[in-house]
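S.K.: My questions will all concern the structure given below.
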């Protein structure tokens, strides 16, 4: 609805126009709901899962699995993304690769609940470590940590503190400052300056991955304007890691790189140990 109203407003401002609007445009359709995933992947079981933290917070998510899956993915979503709205769209590429899929909504967001308390990046990091340790202890076989957008910074920080079977960063960049700056459109850059607090300024994937030597795949959509290809490539080029691979995905933006068959082929090759 918001996109429709925005479109109508822009058309109105551009001059006199007649716009045809149907009733279907006012009836929302949730293409990412989990029932869609169950229809698309009938061989998979979709379980609701939860993890209780020491402070009383509860992280809730989904475990999409089948017995003969080749590997498991622990997926950290982008900011503002949640399972009940986007879960099916996010998980679908992974079931198409014959992988299990685990993801949790962030602290006190979506399905997850938490008591009223101060919550910042140190607390997010503590929850991330607890979730990873729990998933690693209860998962057989290869576990891939995959972070998208904001989740790529969460995943990179995790990789600084834990040995991983493999790390995938999708729609990523160098730092929180670069990430924030890229959210300002080009025509606003002369007039808008994003000022981050010290906690956010400390977020830097280059520093987080400086000593990381386990396998890492960086995926970037060629048409991504939120985390442009150049910043993802800068991060990749700065890695002193013999087990790294970069994939620039044609005709892909910030949200849809994993929907491309060529991306999934590279992903499966990477998980199998192919880094070129």
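Numbering (mature numbering (1 follows the signal peptide of the UniProt record, and there is no 0)), first residue to last: -19 to -1, 1 to 257. Ideal placement from N, C-alpha and C gives every residue a C-beta, glycine not left out.
1) Around the Cβ of residue 31, are there at least 16 other Cβ atoms within 10 angstroms (buried) or fewer (exposed)?
2) Can you tell me whether residue 192 is buried or exposed, with buried defined as 16 or more other CB within 10 angstroms of its CB?
3) Since residue 40 and residue 108 should fall inside the 8 angstroms C-beta cutoff, what is the C-beta to C-beta distance between them, to a whole number of angstroms?
4) Could you give the distance in angstroms between the alpha-carbon of residue 195 and the alpha-carbon of residue 113?
5) Determine the closest residue to residue 258 out of 134, 58 and 200, with distance taken between C-alpha atoms.
6) Go ahead and label residue -18 buried or exposed: buried means 16 or more other beta carbons lie within 10 angstroms of its beta carbon, across all protein chains shown.
7) Which residue or residues does DSSP assign as beta-bridge partners of residue 40?
8) Check the C-beta distance from residue 238 over to residue 151 and give it rounded, since I have them as a contact under 8 angstroms.
9) Going by beta carbon distance, what residues of the same chain come within less than 7 angstroms of residue 252, once the five residues before and after it are set aside?
10) Look up residue 157 in the DSSP assignment and say whether it is helix, strand or coil.
11) Going by DSSP, what residue range makes up the beta strand (DSSP E) through residue 201?
12) Judging by CA-CA distance, which residue of 121, 204 and 208 is the nearest neighbour of residue 232?
13) Under a three-way DSSP split, which group does residue 84 fall into?
14) Can you give me the start and stop residues for the beta strand (DSSP E) that residue 55 sits inside?
15) Any contact of the stretch 85 to 99 with the stretch 217 to 226, i.e. 3+ C-beta pairs under 8 angstroms?
16) Based on Cα-Cα distance, which residue from 217, 200, 81 and 145 lies nearest to residue 258?
17) Could you give the first and the last residue of the continuous beta strand (DSSP E) run that contains residue 47?
18) The beta strand (DSSP E) that contains residue 224, what's its start and end?
19) Considering Cα atoms alone, identify which of 137, 235, 143 and 141 is closest to residue 155.
20) With DSSP collapsed to three states, give me the class of residue 136.
21) When the Cα of residue 143 is compared with those of 29, 189 and 181, which residue comes out closest?
22) So, at 6 angstroms on beta carbons, what are the nonlocal neighbours of residue 94 in its own chain, with the 5 sequence-adjacent residues on each side left out?
M.R.: Taking the geometry as given:
1) Under this definition residue 31 is an exposed residue.
2) The Cβ neighbour count for residue 192, taken over all protein chains shown within 10 Å, is under 16; the residue is labelled exposed.
3) 7 angstroms
4) 16 angstroms
5) One cannot answer for residue 258 here, as it falls past the ends of the chain, which runs -19 to 257.
6) Legend: pLDDT at residue -18 = 49, less than 50; position of this residue unreliable, no value from coordinates given.
7) 32
8) 6 angstroms
9) Result list for residue 252: 52, 123, 125 and 147, in chain order.
10) helix
11) 197 to 202
12) 204
13) In the three-state reduction of the DSSP assignment, residue 84 falls in the strand class.
14) 52 to 57
15) In short, these stretches do not touch, since the Cβ pair count stays below three.
16) The requested residue 258 is not part of the displayed model; the chain covers only -19 to 257.
17) That residue, residue 47, is in no beta strand (DSSP E); it is neither H nor E in DSSP.
18) From DSSP, residue 224 is part of no beta strand (DSSP E); its letter is neither H nor E.
19) 137
20) helix
21) 189
22) If the five residues before and after residue 94 are omitted, its C-beta is found closer than 6 angstroms to the C-beta atoms of 39, all from its own chain and listed in chain order.
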